[in-house]
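**Student:** Residue numbers (the numbering used here): 20 to 539. Backbone N, C-alpha and C fix where the C-beta goes; we use that ideal spot for every residue, glycine too.
(1) If you pair each beta-carbon of the region 306-320 with each one of the region 238-257, do three or more pairs fall below 8 Å?
(2) Based on the DSSP secondary-structure assignment, which residues constitute the bridge partners of residue 498?
(3) From residue 199 to residue 487, what distance separates their C-alpha atoms?
(4) When burial is assigned at 16 or more other CB atoms within 10 Å of the CB, is residue 362 buried or exposed?
(5) By Cβ distance below 6 Å, which residues in the same chain neighbour residue 267 in space, the five residues on each side in sequence not counted?
(6) For residue 324, which beta-bridge partners are listed by DSSP?
(7) Residue 424 by DSSP, collapsed to three states: which one?
(8) Where does residue 216 fall in DSSP's three states?
(9) Under 8 Å by Cβ, that's how I've got residue 521 and residue 190 pegged, so tell me the actual separation to the nearest angstrom.
(10) Less than 8 Å between the CB atoms is what I'm expecting for residue 504 and residue 482, so what's the real figure, rounded?
(11) Which first and last residues belong to the alpha helix (DSSP H) in which residue 469 is found?
(12) Let me know the secondary structure DSSP gives residue 399 once reduced to three states.
(13) Just to confirm before moving on: does the CB-CB distance between residue 353 and residue 328 stay below 8 Å?
(14) Could you give the DSSP three-state label for residue 69: helix, strand or coil?
(15) Considering only the beta carbon of each residue, do residue 524 and residue 476 sit closer than 8 Å?
(16) Alpha helix (DSSP H) containing residue 350: first to last residue?
(17) Could you tell me the alpha carbon to alpha carbon distance between residue 341 and residue 290, rounded to whole angstroms?
(18) Could you tell me whether the Cβ atoms of residue 263 and residue 277 are closer together than 8 Å?
(19) Shortest alpha-carbon distance to residue 406 belongs to which of 443, 270, 240, 350?
(20) Rounded to whole angstroms, what is the Cα-Cα separation between residue 233 and residue 240?
(21) On the criterion of 16 or more Cβ atoms from any shown chain inside 10 Å, does residue 230 qualify as buried, or is it exposed?
(22) Pull up the distance between the alpha-carbon of residue 223 and that of residue 493, whole angstroms please.
(23) Determine the contact status of residue 387 and residue 431, defining contact as a CB-CB distance below 8 Å.
(24) Determine the burial state of residue 3: buried for a count of at least 16 other Cβ atoms within 10 Å of its Cβ, exposed for fewer.
(25) For residue 168 and residue 514, which I take to be in contact (beta-carbon distance under 8 Å), what is that distance rounded to the nearest angstrom?
(26) Assuming residue 434 is part of the alpha helix (DSSP H), what are its boundary residues?
(27) Would you give the residue range spanned by the alpha helix (DSSP H) that residue 273 belongs to?
(28) So, residue 371 versus residue 399, is the Cβ gap smaller than 8 Å?
(29) What residue range is occupied by the uninterrupted alpha helix (DSSP H) comprising residue 490?
(30) According to DSSP, simplified to helix, strand and coil, what is residue 369?
(31) With distance defined between alpha-carbon atoms, name the residue in 257, 259, 258, 226 nearest to residue 245.
(32) When you compare the CB positions of residue 498 and residue 192, do they come within less than 8 Å of one another, or not?
(33) CA-CA distance, residue 535 and residue 434?
(34) I'd like the span of the alpha helix (DSSP H) that includes residue 511, first residue to last.
(35) What did DSSP end up calling residue 362 once you bin it into helix, strand or coil?
(36) In angstroms, rounded to a whole number, what distance separates the CA positions of residue 174 and residue 180?
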């Protein structure tokens, strides 16, 4: 027996070693089976796992992606994985499939001064009894329904048409109800834009709604939709980098929304073809800057205004966080222009629309411009959250709670206000009660109340989930508008239902698209 024990032990050890080696090889084999698609490819190509989602330092596993069949989820801390990273998605490479995110000691430092800390974060465990409900936290809604509506109304060529999206619907058997609330109720095509001037811009917004949910052109249920849209916008880019047709007007807004979409999709996918598009687009945006540091609505010939400038500054910031290397001095000059048109003292500090000391027309104009200034100053680290200008402007804009009433639905204003109050980390309106034996919830800050209000308004008025639609037991098969928002926004004549649906989507993404600025 002793003579057999030695060879038997050797045999057992050999088998165990072989099992260990096979286990080590299994994950690698699975990785090589992953199929990722580059925008330039004509078909699927075999390669490494897809580049990470926003905020992840390693290649994102499939579990980090939203499931294709997830009909109803509560967007919570897990959504933090979609936050925009401060680092590039991957190094330049001849093979886009090999793009990998920088991590570890060689990863780039966060960007200048006191920028938003937008990157990897460890979700804090939530206490449902004490934590306030904010956008992205604890609100159950069918998050994919709005993306499904966008996907169902994409033109076959790839873009979204602001005025003709109704002709593009794939819900051929569904009933069209048009607007159901506030104005032009039931009037055919009253939810469409007046023309196609801003179709490039609304296409960019639709893609931003996709990227905000973590979807790109490489995998997931919206992969064909995103890929087709990116290819269509890519075809439109001119040699000078402009993504919009100058003959259509509104060049600046169209260009920056499309450019921001390409930048976020590059951050998600690491596709180097997108990087080239973003670099050219950022170069064109820099060329459009005026001598005074601002931007106008058109590529040239129009005077600077703070609305156009704010969109340009935020788009540059998006490019920078996506890892595009270039001179970002234009971004800081733009923020300085915003400050030059911010006047007043104490609680009366306000931001003007242009150098003639005018406000933008509209009931919420001042809230829009003040919010834009706050975001630009914080995003460029020219001011911190305790700066008197920041505190005064945030206090005023947070006091104007959003409501679904005629003339007050301004989704652009709500987007910028949401960014401003979230990034500013405003002070509490009362004493926080803390967690005691009664489990009394803490009082919300003014900013938290605003964010809670906008979430409530949007979730209550999303078509398909509004009381009348629920009563009718509407579905995507029976109601063409299911998942969208009615075109009752002050900008609806420019962007129609595509604008309101995409913009409402990114408003709801505010608190988990970016992390809050660090430090005070």
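**Tutor:** Based on what the coordinates show:
(1) no
(2) 194
(3) 9 Å
(4) exposed
(5) Closer than 6 Å at the Cβ level, and outside the excluded window around residue 267, lie 216.
(6) 314
(7) coil
(8) coil
(9) Contact doesn't hold; Cβ gap of about 18 Å is too wide.
(10) 7 Å
(11) Residue 469 -> alpha helix (DSSP H) spans 465-480.
(12) coil
(13) A contact, by the Cβ cut-off of 8 Å.
(14) Confidence in residue 69 is poor, its pLDDT being 21 and thus under 50, which makes the residue's placement too unreliable to answer from.
(15) Their beta carbons are not under 8 Å apart, which means residue 524 does not touch residue 476 by this criterion.
(16) Residue 350: member of the alpha helix (DSSP H) spanning 348-359, first to last residue.
(17) 12 Å
(18) yes
(19) Of the candidates 443, 270, 240, 350, the one whose C-alpha sits nearest the C-alpha of residue 406 is 443.
(20) Answer to the nearest angstrom: the Cα atoms are 11 Å apart.
(21) buried
(22) 29 Å
(23) Yes, Cβ-Cβ distance for residue 387 and residue 431 is below 8 Å.
(24) With the chain covering 20 to 539 only, the question about residue 3 has no answer from this structure.
(25) Not really, about 15 Å apart at Cβ, beyond 8 Å.
(26) 430-443
(27) 270-288
(28) no
(29) 486-490
(30) strand
(31) Checked all of 257, 259, 258, 226; the closest Cα to residue 245 is 226.
(32) No. Outside cutoff.
(33) 15 Å
(34) For residue 511, the enclosing alpha helix (DSSP H) stretches over residues 511-527.
(35) strand
(36) 7 Å
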